[in-house]
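Residue numbers (the working numbering): 217 to 293.
In this text, a Cβ means the ideal position worked out from N, Cα and C, and glycines have one as well.
This is the structure we're talking about:
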């Protein structure tokens, strides 16, 4: 499974802003905004998709994502 974690809309993203500024300084114009996130890949032993979905959701809710300020999306490969 692959988990995409991003800051929720409206949450300040200082790392994304730093990347946007650096891109502009390097001559890459036209970038109005950057949102930085993370991707976590999990190799799961569980073969039942519903059980795997439930397990990864629990992982996200308890450890992988700060659900107060981050949103996540689970993708099965």
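On the premise that residue j lies in contact with residue i, defined as a C-beta separation below 8 Å, what is that separation, rounded to the nearest angstrom?
i: residue 288; j: residue 219; result: 6 Å
i: residue 221; j: residue 254; result: 5 Å
Note the first and the last residue of the continuous alpha helix (DSSP H) segment covering residue i.
i: residue 235; result: 230-241
Let me make sure I understand the geometry here. Which of the options has the alpha-carbon closest to that of residue i?
i: residue 229; options: 277, 285, 255 and 246; result: 285
i: residue 235; options: 251, 279 and 225; result: 251
Terminal residues of the continuous beta strand (DSSP E) containing residue i?
i: residue 219; result: 218-223
i: residue 291; result: 286-291
Just the Cα atoms here: how many angstroms apart are residue i and residue j?
i: residue 275; j: residue 217; result: 12 Å
i: residue 258; j: residue 225; result: 25 Å
i: residue 290; j: residue 232; result: 22 Å
i: residue 292; j: residue 249; result: 28 Å
i: residue 279; j: residue 263; result: 22 Å
Indicate whether at least one CB of chain B lies closer than 8 Å to the CB of residue i.
i: residue 284; result: Absent here is chain B; the protein component of the structure consists of one chain.
By Cβ distance below 6 Å, which residues in the same chain neighbour residue i in space, the five residues on each side in sequence not counted?
i: residue 239; result: 247
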